[in-house]
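Just so we're aligned, residue 3 is where the sequence shown starts under full-length UniProt numbering, counting upward by one. Ideal Cβ placement from N, Cα and C applies to all residues, glycine included.
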Amino acid sequence: SPSSRIAGITPSGKDGWELHFAAMTRKQSGEDIMMLSVGDHDFDTPQSTVDACVAAVKAGYHHYTQLPGLPRLRAAMAAVSTRCTGVETSSSEVIATPGGQLALYAAVQATMDPGDHAIMVSPYYATYPGTFRAAGASFTIVEAKAENGFQPTAADIEAAVKPNTRAILINTPNNPTGAAYTRECLEGIADICRRHDLWLLSDEVYWTLPGAAGHLSPRALPGMAERTLVINSMSKSHGMTGWRIGWLTGPADMVALLVSLNLVTTYGLTDFVSRAAIEALENDYGVAEIADTYGRRREAFLAEVRGMNGIRVRGSEGGMYVMLDVSAIEPDCEAFAWAFLEREKVAVMPGSSFGDAARGHIRISLCQPEPVLAEAAARLRRFAAGYE
Ligand code: PLP
3 SPSSRIAGIT
13 PSGKDGWELH
23 FAAMTRKQSG
33 EDIMMLSVGD
43 HDFDTPQSTV
53 DACVAAVKAG
63 YHHYTQLPGL
73 PRLRAAMAAV
83 STRCTGVETS
93 SSEVIATPGG
103 QLALYAAVQA
113 TMDPGDHAIM
123 VSPYYATYPG
133 TFRAAGASFT
143 IVEAKAENGF
153 QPTAADIEAA
163 VKPNTRAILI
173 NTPNNPTGAA
183 YTRECLEGIA
193 DICRRHDLWL
203 LSDEVYWTLP
213 GAAGHLSPRA
223 LPGMAERTLV
233 INSMSKSHGM
243 TGWRIGWLTG
253 PADMVALLVS
263 LNLVTTYGLT
273 DFVSRAAIEA
283 LENDYGVAEI
293 ADTYGRRREA
303 FLAEVRGMNG
313 IRVRGSEGGM
323 YVMLDVSAIE
333 PDCEAFAWAF
343 LEREKVAVMP
353 GSSFGDAARG
363 HIRISLCQPE
373 PVLAEAAARL
383 RRFAAGYE
């Protein structure tokens with residue numbers, strides 16, 4: 003029989019993604035369905051990055067690379083971490099990973115022993131619980147309330163601290179809520195980490211899509227650089243989801259230990275992907291354009307939905323998603339989402355897919371061009387007005 007760690011990663015039973023997969027299948031068999039359910043860009047990777055990769059393949063970059071990442075790649079990642087977190091970062095404080103998900107896995111493996119406890123915030127990104135289960139760790143889910151704009155409160159988080167708590171995992175800007183945590187919120191969490199001697203695992207993969215206030219990283223708060231592990235990725239910022247490249251930023255001694263995790267998992271990154279990533283990081287290929295695109299889409303979509311009867315915008319300041327409270331129309335968000343798919347051919351995620359705190363909501367992904375989002379908003383208006 004399989005190990006309990008592996009068997010436990012995906013809990014059996016409903017996970018709320020049925021709607022997305024059902025809509026996908028129907029779209030693939032020819033039905034005209036608007037897919038606003040997933041967080042993958044509708045556009046391709048910037049051409050300059052693609053060209054750099056092709057050149058690297060042709061130049062013979064087909065070999066093993068250094069376990070923590072090529073030196074120039076680490077330097078480029080460190081320079082971006084300096085900008086992302088506001089803390090001067092050296093190459094020895096970053097380790098390259100195939101995607102932010104592996105950086106998250108590394109952060110959890112680095113901080114949790116079997117039987118240890120962690121705290122995470124709901125609504126959460128779908129892989130979080132499984133990543134802790136894979137480490138044999140337990141966790142408490144603290145709800146960030148919709149009425150607080152999905153900002154968690156320090157009091158709620160502190161109430162969940164136990165003697166065996168080792169880490170708190172947060173994500174800002176947030177998937178699925180789009181909430182960008184305020185300075186006050188982050189200071190409260192940092193204070194708990196310092197007083198209880200906890201690690202802060204900070205998932206900042208959406209940092210280039212921060213919303214109006216600009217990105218705030220908890221790593222920059224007093225006493226936090228030595229206890230924060232930041233999850234970084236090129237997937238969203240550089241339009242490179244399928245390339246699988248990200249990194250972890252943290253104290254140099256922790257990063258040095260994590261090189262051994264790369265040894266037994268990935269054995270280093272793909273050579274030509276690393277070469278392309280160096281150019282993309284050093285030249286910010288696509289970053290400003292992608293950020294502008296999502297900024298425009300978010301503003302235009304929110305302008306449409308703000309006046310709609312029975313619909314309230316929550317969170318939605320940054321990242322790639324908008325979270326709408328539809329409970330005044332239909333308290334059961336799964337029923338709402340399924341009916342919206344049936345009647346208007348628009349696939350959105352029911353909030354319940356992301357934990358209890360987002361019940362009564364739907365998540366709209368902004369990964370479609372503006373005209374599609376405008377049409378989706380028009381359909382939502384019609385659907386909401388005629389809902390019974
Ligand atoms: N963290 C969050 C909050 C995400 O939404 C995602 C992807 O959607 C990831 C991490 C992992 O991204 P990747 O492994 O592509 O870098």
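Subject >> Secondary structure of His217, DSSP reduced to three states >> reply: On the sequence shown, residue 217 is found 215 positions in, with the first residue counted as 1. DSSP places His217 in coil when its eight states are reduced to three.
Subject >> N-terminal and C-terminal residue of the beta strand (DSSP E) that Ala98 is part of >> reply: Numbered from its first residue, the sequence shown carries residue 98 at position 96. Start and end: Val96 to Thr99.
Subject >> Nearest residue (CA-CA) to Ala359, options Lys164, Ile247, Asp327 and Ala136 >> reply: Stepping through the sequence shown from its first residue, residue 359 is reached at position 357. Of the listed residues, the one whose Cα sits closest to Ala359 is Asp327.
Subject >> Residue environment, Asn166, which counts as buried when at least 16 other CB atoms sit within 10 Å >> reply: As a first step, residue 166 must be located in the sequence shown, where it is residue number 164. The residue is exposed, with fewer than 16 neighbouring Cβ atoms inside 10 Å.
Subject >> Option nearest Ile366 by Cα separation, candidates Ser31, Gly10, Leu106 and Gly41 >> reply: For the purposes of this step, residue 366 is taken as the residue at position 364 of the sequence shown. It is Gly41 whose Cα lies nearest to the Cα of Ile366.
Original post:
If we ignore side chains and look at the alpha-carbon of each, how far apart do Lys60 and Thr267 end up?
Top reply: On the sequence shown, position 58 is the one that residue 60 refers to. On the sequence shown, position 265 is the one that residue 267 refers to. Between Lys60 and Thr267, the C-alpha separation is close to 27 Å.
Subject >> For Tyr107, the three-state DSSP class (helix, strand or coil) >> reply: For this step, residue 107 is matched to residue 105 along the sequence shown. Looking at Tyr107 - three-state DSSP - the assignment turns out to be helix.
Original post:
For the alpha helix (DSSP H) that contains Asn285, what are its first and last residues?
Top reply: For the purposes of this step, residue 285 is identified with residue 283 of the sequence shown, where counting begins at 1. Segment Asp273 to Asn285, the alpha helix (DSSP H) holding Asn285.
Original post:
Measuring CA to CA, which of His240, Met256, Ala379 and Thr51 is closest to Glu228?
Top reply: What you label residue 228 is simply residue 226 of the sequence shown in a count that begins at 1. That would be Met256, whose Cα lies nearest to the Cα of Glu228.
**OP:** Can you tell me which of the three DSSP states His119 falls into?
**Re:** Numbered from its first residue, the sequence shown carries residue 119 at position 117. Note: His119 maps to strand in three-state DSSP.
Subject >> Under 5 Å, CB to nearest heavy atom of the ligand PLP: contacting residues >> reply: Gly41, Gly101, Gly102, Gln103, Tyr127, Asn173, Asn177, Asp205, Val207, Ser235, Ser237 and Gly248
Original post:
For the candidate residues Leu106, Met122, Met236 and Val163, whose alpha-carbon lies nearest to that of Pro48?
Top reply: If you number the sequence shown from 1, residue 48 lands on position 46. The option with the nearest alpha carbon to Pro48 is Met236.
Original post:
Anyone know if the C-beta pair for Asn234 and Ala105 falls short of 9 Å?
Top reply: Along the sequence shown, one-based indexing puts residue 234 at 232. Along the sequence shown, one-based indexing puts residue 105 at 103. For Asn234 and Ala105, yes; Cβs fall inside 9 Å.
Original post:
Should the region 372–382 be called in touch with the region 292–307, which here means at least 3 C-beta pairs below 8 Å?
Top reply: A contact between stretches requires three or more CB pairs, one per stretch, nearer than 8 Å, and the region 372–382 meets this requirement with the region 292–307.
Subject >> Range of the contiguous beta strand (DSSP E) that encloses Asp327 >> reply: Here residue 327 is taken as the residue at index 325 of the sequence shown, counted from 1. Element bounds for Asp327: Tyr323 to Asp327.
**OP:** State the start and end residues of the unbroken beta strand (DSSP E) segment that holds Asp205.
**Re:** Your numbering for residue 205 matches position 203 in the sequence shown. Trp201 to Asp205 is the span of the beta strand (DSSP E), which, as asked, contains Asp205.
**OP:** Identify which residue in Glu33, Thr230, Tyr296 and Glu390 has its Cα closest to the Cα of Phe338.
**Re:** Your numbering for residue 338 matches position 336 in the sequence shown. When each option's Cα is compared against that of Phe338, the closest is Glu390.
Original post:
What residue does the beta strand (DSSP E) around Ala25 start on, and which one ends it?
Top reply: Stepping through the sequence shown from its first residue, residue 25 is reached at position 23. Run containing Ala25: none in the beta strand (DSSP E); it sits in the alpha helix (DSSP H), Glu20 to Gln30.
Original post:
Does the pairing of the region 175–194 with the region 340–360 give three or more beta-carbon distances under 8 Å?
Top reply: yes
Subject >> Pick from Gly151, Lys147, Met122 and Glu189 that is closest to Ala139, judged by C-alpha positions >> reply: Numbered from its first residue, the sequence shown carries residue 139 at position 137. Selected option, being the one with the closest Cα: Met122.
Original post:
Hey, quick one: how far does the alpha helix (DSSP H) through Trp249 stretch, first residue to last?
Top reply: In the sequence shown, counting from the first residue as 1, residue 249 sits at position 247. Element bounds for Trp249: not the alpha helix (DSSP H) but the beta strand (DSSP E), Gly248 to Thr251.
Original post:
By Cβ distance below 7 Å, which residues in the same chain neighbour Leu75 in space, the five residues on each side in sequence not counted?
Top reply: Within the sequence shown, numbered from 1, the residue matching residue 75 stands at position 73. Only Ala98, Ser276, Ala279 and Ile280 meet the Cβ criterion.
**OP:** Determine the closest residue to Ala146 out of Met114, Lys29, Ile191 and Gln111, with distance taken between C-alpha atoms.
**Re:** The residue labelled residue 146 in the question sits at position 144 within the sequence shown. Here the closest residue by C-alpha is Ile191.
Subject >> Identity of the residues DSSP links to Ile159 by a beta bridge >> reply: The residue labelled residue 159 in the question sits at position 157 within the sequence shown. According to DSSP, Ile159 bridges with nothing at all.
**OP:** Determine the burial state of Glu186: buried for a count of at least 16 other Cβ atoms within 10 Å of its Cβ, exposed for fewer.
**Re:** Within the sequence shown, the letter at position 184 stands for residue 186. Label assigned to Glu186: exposed.
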